[in-house]
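S.K.: Quick one: the structure is below, questions incoming.
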Amino acid sequence: MSGRTDFRAEIREALGHWVDSLNSDERTARCMMIARAVYSPAEIREAVENETEMGLKFIEGLLALQARISKQGSKLSVIDLIRNSVNSVRIESAEKAQRGAGA
0 MSGRTDFRAE IREALGHWVD SLNSDERTAR CMMIARAVYS PAEIREAVEN
50 ETEMGLKFIE GLLALQARIS KQGSKLSVID LIRNSVNSVR IESAEKAQRG
100 AGA
């Protein structure tokens, strides 16, 4: 259980540093999907820090993803996982906007 506790602490710390590094628009932009709802990085950080149900789901999702990635021999860090998640949503949103503009 210690590994999970360390991972949770690392997530909280990484999330805090990452969200603090974003500009105010990025901090509040709803760009991360969890359980079919979209949240901003600031909302995610708050949920993780306050250990709400959504925050715990976010951590559990990262734990599952980290386990899969580790089995494949990858050395991605928690912050890499968080950035990759946000980037994927932003790319998807941009692609949808382009398709909509072309219609």
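For the sequence shown, counting from 1, position 65 maps to 64 in numbering that gives the first Met the number 0; every step adds exactly one.
We put the beta carbon where it would ideally sit given N, CA and C, even for glycine.
From a predicted model like this one, the values you see are computed outputs, not experimental measurements.
Taking its Cβ as the centre, do 16 or more other Cβ atoms sit within 10 Å of Ile123, making it buried, or is it exposed?
M.R.: Since the first residue of the chain shown is 0 and the last is 102, residue 123 is not available in this structure.
S.K.: Can you tell me where the alpha helix (DSSP H) holding Ala63 begins and where it ends?
M.R.: 52 to 70
S.K.: With burial defined as no fewer than 16 other Cβ atoms inside 10 Å of the residue's Cβ, what is the status of Ser28: buried or exposed?
M.R.: The residue asked about is misnamed: residue 28 is Ala in this sequence, not Ser. By the neighbour-count rule (16 or more Cβ atoms within 10 Å), Ala28 is buried.
S.K.: With a threshold of 16 other CB atoms inside 10 Å of the CB of Arg67, please say whether the residue is buried or exposed.
M.R.: Its Cβ having fewer than 16 others within 10 Å, Arg67 is exposed.
S.K.: List the residues that DSSP assigns as beta-bridge partners of Ile10.
M.R.: According to DSSP, which records beta bridges pairwise, Ile10 is partnered with nothing at all.
S.K.: Distance check for Lys56 and Glu9, CA to CA, integer angstroms please.
M.R.: The straight-line gap separating the alpha-carbon atoms of Glu9 and Lys56 is approximately 16 Å.
S.K.: For the beta strand (DSSP E) holding Ala36, just list the boundary residues, first then last.
M.R.: 36 to 38
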